[in-house]
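Undergrad:
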Ligand code: IMP
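In our numbering, the protein residues as written are 25 to 471.
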């Protein structure tokens, strides 16, 4: 399979879970490289539905090593609950490895996340309240607790006594919250440490070893390009780097080891949390997309904001991630529509722009310039090849591929594994970077 990164091309929730699951079948190792329990994917096993936030869905394949890399932040309580859930279903978790140098989310991170959001009032970010930002802030401030610190009881006692007393000043004086009891937290986390210890290793070494042995590695991004701390819609972003470049930093693998980048995008757009969203649909159409797409967050249950496909964002994601091909999900959600709009460019203060603006204030002033395409008004959920699709749906896909200059390799038309059209092999098909002599991309969607 080679070494492949799968990333979200929008604001997260693009359906990466299903695509990673499809690709995991041919992976020897699946690695998560950033984010924490703010992410979430739903898995159905033996008729039972459950939600994972940290453990990669590759865990369902007993011969696939699953790695939680150093760029992630780990909430041990939730991770252990996930391990317990899997155990109850008799799914082995022996092949789960956790990076020694990943940072740990502590109770004060969660409290500070929630209290600071409240304090921000109308300036709130709309975080998941899971302590993600404060955990990464401590990592940068160099006051973080790492997994390897958890593994050293004496060191942990010393470090946490100091840190909790320091954080208690913030909790009490800034947020009027009761202080945490250092001893209680220390005992709780020492308990977690013993449970996690068998899984903790130097994961960078493991991945390097797998690369040497030419095993197939799938790097799984959480959230999406527009939630990236550096390349997203700052400040309405998460605190890590979901873009493809983050996979190298968040796992300890050099960029020369990566063979492919696959982007995942919905056939329309959704966003959770605050921040501008030019193609957002209010009213009936927005509700229709939300209902048909079951657009409610896995982690917080929040209703997702819905809108038309934004090809400016799509082109930006192709560029920022060096995307080779795209998987387009939830095409079937558009089945009932009379007509479908696609944002082809923005009007910014009367000027047409094809580019995604770097300033959030400017982004808030972007007005979408739409091209309207006819809908197909028949169900596509049974389609398994491009030939099965109605002509209008095929035209829609071709239009998106041409606008973004990226081949669409996979089309998803429902939650189950078989509701998928594999247009071309996403791993071994031609790369976007390979151009025909006349300058056109080697493959766009081919009918
Ligand atoms: P945080 O990651 O909890 O700090 O939240 C920051 C922003 O990222 C908020 O707008 C969240 O709604 C958004 N966010 C975080 N994780 C996800 C996700 O998995 N899907 C979609 N949005 C997310």
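We put the CB at the ideal spot given by N, CA and C, even for glycine.
#1: Would you report the Cα separation of residue 471 and residue 447, rounded to the nearest angstrom?
#2: Considering only the alpha carbon of each residue, which of 95, 331, 325 and 285 lies closest to residue 307?
#3: Thinking just about the alpha-carbon of each residue, which of 403, 451, 423 and 426 is nearest to the one in residue 438?
#4: Sort out for me which residues DSSP pairs residue 304 with in a bridge.
#5: Quick one: what's got a C-beta closer than 6 Å to residue 340's C-beta in the same chain, skipping five residues either side?
#6: Between which two residues does the alpha helix (DSSP H) holding residue 187 run?
#7: Based on the DSSP secondary-structure assignment, which residues constitute the bridge partners of residue 369?
#8: How would you write the range of the alpha helix (DSSP H) that residue 448 sits in, first residue to last?
#9: Mind checking whether residue 122 and residue 156 have CB atoms under 8 Å apart?
#10: Just mark residue 189 as buried or exposed, buried being the case when its beta carbon has 16 or more other beta carbons within 10 Å.
#11: In terms of DSSP beta bridges, what is residue 352 paired with?
#12: With a cut-off of 8 Å on the beta carbons, I'd call residue 262 and residue 255 a contact; round off their distance for me.
#13: When you compare only the Cα positions, how much space is there between residue 366 and residue 396?
#14: I want to check one thing, is the minimum distance from the CB of residue 201 to the heavy atoms of the ligand IMP below 7 Å?
#15: Identify the residues that DSSP records as bridge partners of residue 316: which are they?
#16: For residue 398, which three-state DSSP category applies?
#17: Using 8 Å for Cβ pairs, my map puts residue 433 next to residue 351. What's the rounded Cβ distance?
#18: I need the boundaries of the beta strand (DSSP E) containing residue 82, first residue and last residue.
#19: Note down, one range per segment and in chain order, each beta strand (DSSP E) of at least 3 residues found wholly within the stretch 224–275.
#20: With DSSP collapsed to three states, give me the class of residue 377.
#21: Taking the straight line between their C-alpha atoms, what separation do you get for residue 253 and residue 243?
#22: Taking 7 Å as the cut-off, is the C-beta of residue 404 nearer than that to any heavy atom in the ligand IMP?
#23: Distance, Cα to Cα, residue 283 vs residue 83?
#24: If you check the beta carbons only, do residue 58 and residue 265 fall under 8 Å apart?
#25: Using only CA atoms, which one of 65, 277, 77 and 288 lies nearest to residue 30?
#26: On the three-state DSSP scale, how would you describe residue 89?
#27: Grouping DSSP H, G and I as helix and E and B as strand, with all else coil, what is residue 552?
#28: What would DSSP say about residue 148, mapped onto helix, strand or coil?
#29: Using only the alpha-carbon positions, how far apart do residue 164 and residue 236 sit?
#30: Could you tell me whether the Cβ atoms of residue 149 and residue 260 are closer together than 8 Å?
#31: Restricting to runs no shorter than 3 residues, where is the beta strand (DSSP E) found entirely within the stretch 90–142?
#32: Over what stretch of residues does the alpha helix (DSSP H) that includes residue 159 continue unbroken?
#33: When burial is assigned at 16 or more other CB atoms within 10 Å of the CB, is residue 71 buried or exposed?
#34: Just to confirm my understanding: we take residue 177, look at its own chain, exclude 5 residues before and 5 after, and list those with CB closer than 7 Å. What are they?
#35: Roughly how many angstroms separate the alpha carbons of residue 326 and residue 40, rounded to a whole number?
TA: Reading from the atomic positions:
#1: Reliability fails at residue 471, whose pLDDT of 37 lies under 50, so the model's placement of it is uncertain and no value is given.
#2: 331
#3: 403
#4: 331
#5: 380
#6: 177–193
#7: 393
#8: Per DSSP, residue 448 belongs to no alpha helix (DSSP H) and is neither H nor E.
#9: no
#10: exposed
#11: 289 and 435
#12: With 8 Å as the limit, residue 262 and residue 255 do not qualify as a contact, their Cβ atoms being about 12 Å apart.
#13: 6 Å
#14: no
#15: Answer is none; residue 316 lacks a bridge partner.
#16: strand
#17: 6 Å
#18: Here residue 82 belongs to no beta strand (DSSP E), and DSSP marks it neither H nor E.
#19: 241–244
#20: strand
#21: 19 Å
#22: no
#23: 23 Å
#24: yes
#25: 288
#26: strand
#27: Nothing about residue 552 can be reported from this structure: the residues present for the chain run from 25 to 471 only.
#28: coil
#29: 32 Å
#30: yes
#31: 120–123
#32: 156–165
#33: exposed
#34: 214
#35: 18 Å
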